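Counting from 18, one number per residue, gives the positions in the sequence shown under the numbering used here.
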Amino acid sequence: MLFLMPVGGWIAIGAVLLVVIIFISFLISQYNSLVINRNRVRNGWSQIDVHLKRRFDLIPNLLETVKGYVKHEAEIFGEFAKARNLYAQANNPQTLANAEKELSGALSRLLMVQERYPDLQANDNFKMLMSELSDTEDKIAYTRQFYNDSVLKYNNKVELFPSNIIAGWFKFEKAEFFEVVEESQREAPKVSF
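This is the structure in structure tokens:
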């Protein structure tokens, strides 16, 4: 009896099946896109972690080179130790950004100390380590940019219609941006003559 159905019935069944297939294809496409973007965010995060670890591994060598010249500058070494501990405990972009701020402060103090010791500036080992550190800083900036770009794209997928519906069904959460800048640095400087 099923085969004796009029042609209009077959067309209606075909149309319903086509709509179901299109909906399932859309659902699969949106889900896969969300997974791909989430994995890009995770990859970006791991790349930041790799370069930060490299920087933290370079610093003890740099400090050993500096120690012979600046024995009385012991507080800088304490600042590096504190930053390293913060880094070891970091498990999200915000805590890692805090460790980054601590380390940047210690590095800027080290650069000021370097200016007071011309012999240190002339040391080949110190020059090489500073060059590697500068290279690593560039890589960190690049990977931070890649990570934040990936987070932006992923968060847009999570929030924009219609992918936000699929994101809600499968519990995709927004990712955090990696921001190191303090609020005071966001304000425009005041210039007066």
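We treat Cβ as the ideally placed atom computed from N, Cα and C, and that holds for glycine.
Bear in mind that the values here come from a model prediction, so they are computed numbers and not experimental data.
- The beta carbons of T82 and L128 sit no closer together than 8 angstroms.
- The C-beta separation of E96 from A123 comes to about 4 angstroms, placing the pair in contact by the 8 angstroms criterion.
- The beta carbons of G61 and S167 sit closer together than 8 angstroms.
- In terms of CA proximity to N173, A192 leads the group A192, Y104, D155.
- Counting only residues of its own chain and dropping the five nearest sequence neighbours on each side, N109 has a CB closer than 8 angstroms to the CB of E193.
- If you draw a straight line from the Cα of D66 to the Cα of S151, it comes to about 17 angstroms.
- The beta carbons of Y164 and F195 sit closer together than 8 angstroms.
- At the C-beta level, F143 and L51 stay beyond 8 angstroms of one another.
- Bounds of the alpha helix (DSSP H) holding E119 are 110-133.
- Residue state for M147 is assigned as helix, using DSSP reduced to three classes.
- The beta carbon of A100 sits closer than 7 angstroms to those of A116, E119, L120, A123, all from its chain and outside the five residues before and after it, given in chain order.
- E92 and R57 have their C-alpha atoms roughly 39 angstroms apart.
- Our two residues, N78 and E149, have alpha carbons roughly 11 angstroms apart in a direct line.
- Annotated three-state conformation of N165 is helix, per DSSP.
- About 6 angstroms separates the beta carbons of I157 and L69, which is inside the 8 angstroms limit, making them a contact pair.
- In this structure, T153 sits away from L34, with a CB-CB distance that is not shorter than 8 angstroms.
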